[in-house]
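This report refers to the structure that appears directly beneath it.
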Amino acid sequence: MASFRDYQATKTARVELFHGEHLTVRQLSSAEFLAAALPFHRERLELEQAGKFDEAAETRINLSTVFALVDSWSFDDELTLDGFIEFLNHPDRRDAAPQVIRDIDATASDKECFIKKKSPSLSTGSSESGSL
Numbered sequence: 403m404a405s406f407r408d409y410q411a412t413k414t415a416r417v418e419l420f421h422g423e424h425l426t427v428r429q430l431s432s433a434e435f436l437a438a439a440l441p442f443h444r445e446r447l448e449l450e451q452a453g454k455f456d457e458a459a460e461t462r463i464n465l466s467t468v469f470a471l472v473d474s475w476s477f478d479d480e481l482t483l484d485g486f487i488e489f490l491n492h493p494d495r496r497d498a499a500p501q502v503i504r505d506i507d508a509t510a511s512d513k514e515c516f517i518k519k520k521s522p523s524l525s526t527g528s529s530e531s532g533s534l
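Numbering-wise, the sequence shown is residues 403 to 534 according to this note's numbering.
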C-alpha cells in the first residue's frame with residue numbers, strides 16, 4: 403500500500419498532441435485559470451448586456467477560455483491567444499481542433515492528472531516534496 407506522503411500535487415498536466423508535441427494545462431479549479439479566464443467572462447457579460455453577443459463573439463470567448471487553461475506548449479512559437487487560435491484553425495488541423503479542445507478540457511477537469519507519485523531522490527534517498 404502507498405502512503406499519501408508518496409504523492410504530490412502539480413500545477414500543470416500534459417496533453418499530448420502529435421509527433422511529440424504537447425500542451426501543459428492548468429487545473430480547472432486553479433487560481434491561475436480563474437484569473438486568466440475572468441476577463442473573458444466579463445467580456446461575455448458586457449456583450450450580452452449590450453445586446454452584441456453573437457455567434458462569432460461566443461466562439462472567440464469560448465476559445466479564449468480554453469486558451470486560459472493552457473500554461474505552455476512545446477512549439478518554438480510564443481504561446482499567445484492569437485497563436486493558439488491560429489494553431490486550432492490551421493487547415494491541416496482544423497478537423498482535429500474539437501478533439502484537442504476536448505482533451506484540454508478533460509485533462510483540466512481530471513484532478514488525478516494533477517497528483518503525481520513522488521520521485522525518490524538518488525542522492526539522499528528521500529522524496530521530492532511538493533506543495534498544494
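We put the beta carbon where it would ideally sit given N, CA and C, even for glycine.
Taking the straight line between their C-alpha atoms, what separation do you get for residue i and residue j?
i: lysine 520; j: glycine 422; result: 24 Å
i: threonine 509; j: glutamate 488; result: 22 Å
i: lysine 518; j: glycine 453; result: 46 Å
i: valine 417; j: phenylalanine 516; result: 12 Å
i: glutamate 445; j: alanine 438; result: 13 Å
i: histidine 424; j: histidine 492; result: 16 Å
i: serine 431; j: threonine 412; result: 13 Å
i: proline 441; j: methionine 403; result: 45 Å
i: aspartate 478; j: threonine 426; result: 14 Å
i: aspartate 497; j: glutamine 451; result: 33 Å
Residue i and residue j look like a contact to me (Cβ under 8 Å); what is the Cβ gap, rounded to whole Å?
i: phenylalanine 486; j: valine 502; result: Not really, about 10 Å apart at Cβ, beyond 8 Å.
i: leucine 490; j: leucine 465; result: 7 Å
Considering Cα atoms alone, identify which of the options is closest to residue i.
i: histidine 443; options: Val468, Gln429, Asp512 and Phe516; result: Val468
i: leucine 419; options: Phe406, Arg495, Glu514 and Glu457; result: Arg495
Looking only at its chain, what residues have a beta carbon closer than 7 Å to the beta carbon of residue i, apart from the 5 residues adjacent to it on each side?
i: leucine 483; result: Ser466 and Phe469
Taking 6 Å as the limit between beta carbons, can you name the residues of its chain near residue i, skipping five residues before and five after?
i: leucine 449; result: Phe455 and Ala459
Closer than 8 Å by C-beta to residue i: which residues in its own chain qualify, once you throw out the five before and the five after it? Chain order, please.
i: serine 474; result: Thr414, Leu425, Thr426 and Leu481
(request) Jot down the residue ranges of each uninterrupted alpha helix (DSSP H) in the region 470 to 512, minimum 4 residues, whole runs only, in chain order. (result) 483 to 491 and 499 to 511
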